[in-house]
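Colleague:
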Amino acid sequence: MIHILLAEDDTAMRTYLKRALENAGFSVMAVGSGLDAMPLLETEIYDLLLSDIVMPGMDGIELAQRCNELSPSTKVMFITGFAAVALRANREAPHAKMLSKPFHLKDLVLEVERMFEDAAVASL
1 MIHILLAEDD TAMRTYLKRA LENAGFSVMA VGSGLDAMPL LETEIYDLLL
51 SDIVMPGMDG IELAQRCNEL SPSTKVMFIT GFAAVALRAN REAPHAKMLS
101 KPFHLKDLVL EVERMFEDAA VASL
């Protein structure tokens with residue numbers, strides 16, 4: 001089972017994303033900020049960090065950089081509604097996937113599945 005750490009400061013969005021991913025068969029730990037995610041990254045191994053970029057305290061880009069230091073094998077996907085922020089994320093975390101808001105929950109699930117299908121094919 002794929003283990004996902006979801007960092008999203010919007011409570012409703014976090015709830016919808018968590019539910020959609022769990023319904024698709026993923027194990028999801030959801031937190032409301034990058035600061036809340038850090039202790040989990042220090043004690044658990046996640047297959048995917050799914051993070052909003054714009055969050056108070058620690059933004060998603062800094063969270064992804066810290067995640068890469070702690071767990072280089074963890075894949076990263078950003079979700080954002082801000083095009084300029086997405087450009088910054090592409091520069092500062094070039095190996096991360098990007099999903100722009102608004103998106104359909106089905107598209108999120110497909111993108112996550114695709115990330116791990118690509119990894120499985122590459123390891124053959």
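The opening residue of the sequence shown carries number 1 in UniProt numbering; numbering runs sequentially from there. Beta carbons are placed, not taken as given, at the ideal position from N, Cα and C, and that holds for glycine.
#1: Among E69, P102, E22 and T80, which has the Cα closest to the Cα of I45?
#2: Would E111 and K97 qualify as a contact pair, given that the criterion is a beta-carbon distance under 8 angstroms?
#3: Quick one: what does DSSP say A37 is sitting in, helix, strand or coil?
#4: The alpha helix (DSSP H) that contains A96, what's its start and end?
#5: Can a CB atom of chain C be found closer than 8 angstroms to the CB of M58?
Modeller: Let's see:
#1: On the sequence shown, residue 45 is found 45 positions in, with the first residue counted as 1. For the residues E69, P102, E22 and T80, the minimum Cα distance to I45 belongs to E69.
#2: Position 111 of the sequence shown, counting from 1, holds the residue named residue 111. Position 97 of the sequence shown, counting from 1, holds the residue named residue 97. For E111 and K97, yes; Cβs fall inside 8 angstroms.
#3: Start at 1 with the first residue of the sequence shown, and residue 37 comes out as number 37. Here A37 sits in helix by DSSP.
#4: Within the sequence shown, the letter at position 96 stands for residue 96. Run containing A96: none; DSSP gives neither H nor E here.
#5: The displayed structure is made up of one protein chain only, and chain C is not part of it.
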